[in-house]
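Residue numbers (our numbering): 445 to 949. Just so it is clear, CB atoms sit at the ideal spot from N, CA and C, and this is done for glycine as well. Working notes, beginning with the structure itself.
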Ligand code: ZN
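Following this line, the structure appears as structure tokens:
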């Protein structure tokens, strides 16, 4: 409680540590549920999870927390805090206000609605029945509109939602970014679709033993510098990374025996996320700053490793022989060039999660435009299937044959996660900017990658980005790493140059 300055700091630190520890327990329970907990424990375990979550919510919005925040926000007290505590107070205030501004009854109704709606969405997707999901989505949108009123907004209602995932990002900036991408990427995709030089990716559909896939994944992760003494690789339905606590950042992948490229690139992707979490300054432990600064910057780390490194020719020049040692029959007669082209095949497709690096941002653009219009009440939920299909036609030149492969494909909206989708594209844009900055630092980057010297890249990222955790805002980090604000031009140039060559455009 509030006492003299030092006692109050001590009390505040104890409180945030307690929240952090409860979170660690909760995260471990989630990881367990998703990686192989026995089926019969799920009901009981969910109750434990529910109780722990309520406990964390209670502590984060407690009267005690409110008093600490008021105290440390007073100018004379704030001046005495170090940078870590100042940022911690800001972070806790954000969370406190986010929860406190919504009446508890309303919040409870919303939690029940979203948990119901996730299972309704699953069923609706399975049955290809949008009408089943529609009333739920309508209510979720309505709640979000009310929340935005309670949270407040400046220029655009959607800004408030965006800010939860990418602090500082606005519709004004995103509109400009997507307009630039649209102008160059839509024609690029159209050109690629017409090209007669499409790579052959059927080499990945032979049989690849999952255990051997795992062995190769472990080999690559080790080269990237993933610390296996501070993490582990497991299998789950959908790949993910989770920071359970300091010294424990776990990743998962999913092995498809007849689709080799999937687990490989998802392991590299999750490995990129994990390097971020594994290399945050230990000084930030026990605070809410001991995590990535935003969803977009987090995604930049995974995309950088997955695409800029993992899908580069130089990377495979170094590692393709090792791969052929593990799968000699599968890659018999497949040259390095053919392999490189195959992992970079571009195909306008219906499903976002299966999309290549060129078309991916167009999938995100479809979702961004729809979310923005929904939250600004310019379109109705009832019209989504039609709007979705029209945008797919316009940007990718393909139209889903049903809603299962269209508007119903993603889980995000059923959980109310509006504002999340743009993070994926922001990640791609940041990744290209970061790659450019690394090239300036290491003019011999390609030779370095050829020699397998990935640890130097990992160390550079650790120093410039990872160690800061959430102490710096996304825009501050990007400015200090690249010398400029977010700029999609680097991504556009990267994609145009790379694919002009592969497709002989
Ligand atoms: Zn990711």
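Length of the line joining the Cα atoms of residue i and residue j
i, j, result
"residue 856", "residue 447", "44 Å"
"residue 678", "residue 494", "25 Å"
"residue 958", "residue 719", "Not covered by the structure: residue 958. The range shown for the chain is 445 to 949."
"residue 532", "residue 805", "33 Å"
"residue 565", "residue 589", "20 Å"
"residue 501", "residue 657", "41 Å"
"residue 633", "residue 676", "38 Å"
"residue 751", "residue 832", "27 Å"
"residue 479", "residue 496", "20 Å"
"residue 449", "residue 521", "8 Å"
"residue 860", "residue 587", "9 Å"
"residue 850", "residue 816", "18 Å"
"residue 643", "residue 792", "14 Å"
"residue 822", "residue 811", "14 Å"
"residue 557", "residue 714", "30 Å"
"residue 526", "residue 709", "41 Å"
"residue 685", "residue 695", "4 Å"
"residue 475", "residue 537", "28 Å"
"residue 762", "residue 891", "10 Å"
"residue 780", "residue 681", "31 Å"
"residue 653", "residue 517", "58 Å"
"residue 559", "residue 492", "16 Å"
"residue 813", "residue 638", "27 Å"
"residue 942", "residue 755", "10 Å"
Anticipated Cβ contact below 8 Å, residue i with residue j, distance rounded
i, j, result
"residue 615", "residue 597", "Not really, about 10 Å apart at Cβ, beyond 8 Å."
"residue 668", "residue 908", "Wrong, their Cβ atoms sit about 17 Å apart, outside the cutoff."
"residue 809", "residue 606", "That belief does not hold up - the Cβ atoms of residue 809 and residue 606 are roughly 15 Å apart, past 8 Å."
"residue 711", "residue 661", "4 Å"
"residue 650", "residue 848", "Contact doesn't hold; Cβ gap of about 28 Å is too wide."
"residue 659", "residue 787", "At roughly 19 Å, the Cβ-Cβ gap does not stay under 8 Å, so residue 659 and residue 787 are not in contact."
"residue 402", "residue 561", "The requested residue 402 is not part of the displayed model; the chain covers only 445 to 949."
"residue 730", "residue 461", "5 Å"
Contacts around residue i, its chain only, beta-carbon distance under 8 Å, and the 5 residues preceding and following it disregarded
i, result
"residue 913", "724, 725, 728, 733, 734, 735, 736 and 737"
"residue 930", "617, 621, 870, 873, 874, 877, 919 and 922"
"residue 825", "578, 581, 582, 585 and 818"
"residue 820", "600, 601 and 602"
"residue 846", "572"
"residue 435", "Residue 435 falls outside the range modelled here, since the chain spans only 445 to 949, and no answer is possible."
"residue 940", "628 and 632"
"residue 670", "695, 715, 718, 719 and 722"
Burial state of residue i (16 or more Cβ within 10 Å)
i, result
"residue 922", "buried"
"residue 702", "exposed"
"residue 795", "exposed"
"residue 883", "exposed"
"residue 864", "buried"
"residue 550", "exposed"
"residue 545", "exposed"
"residue 672", "exposed"
"residue 784", "buried"
"residue 716", "buried"
"residue 944", "exposed"
"residue 938", "buried"
"residue 905", "buried"
"residue 691", "exposed"
"residue 797", "exposed"
Proximity test, residue i beta-carbon vs the ligand ATP heavy atom, cut-off 8 Å
i, result
"residue 561", "Summarising the ligand content, the structure contains the ligand ZN and does not contain the ligand ATP."
Residues near residue i in its chain [Cβ-Cβ closer than 6 Å; skip 5 each side]
i, result
"residue 721", "687 and 693"
"residue 949", "635"
"residue 893", "758 and 759"
"residue 604", "592, 595 and 597"
"residue 935", "872, 873 and 876"
"residue 881", "925 and 926"
"residue 746", "713, 716 and 717"
is_contact[residue i, chain D] using C-beta, thresh 9 Å
i, result
"residue 559", "Checking the listed chains, one finds no chain D in this structure; it contains a single protein chain."
Cut-off 7 Å between Cβ atoms - residues of its own chain near residue i, not counting five sequence neighbours on either side
i, result
"residue 463", "500, 503 and 504"
"residue 472", "688"
"residue 778", "647"
"residue 574", "568, 829, 847, 851 and 852"
"residue 744", "871, 874, 875 and 878"
"residue 611", "738, 917 and 918"
"residue 885", "904"
"residue 867", "609, 610, 739, 740 and 743"
"residue 843", "833, 836 and 837"
"residue 840", "633, 792, 803 and 806"
Whole beta strand (DSSP E) elements within the segment 630-685, 3-residue minimum: The qualifying runs are 677-679.
Alpha helix (DSSP H) segments (min. 4 residues) lying fully within the segment 846-916: DSSP runs (the alpha helix (DSSP H)) wholly in the segment 846-916: 866-885, 889-894 and 898-908.
Length at least 4, wholly inside the segment 492-534: the alpha helix (DSSP H) runs in chain order: 507-517 and 519-522
4 or more residues per run - each alpha helix (DSSP H) lying fully within the segment 672-757: With a minimum length of 4 residues, the unbroken runs of alpha helix (DSSP H) contained wholly in the segment 672-757 fall at 704-722 and 739-747.
Whole alpha helix (DSSP H) elements within the segment 592-633, 4-residue minimum: 601-609
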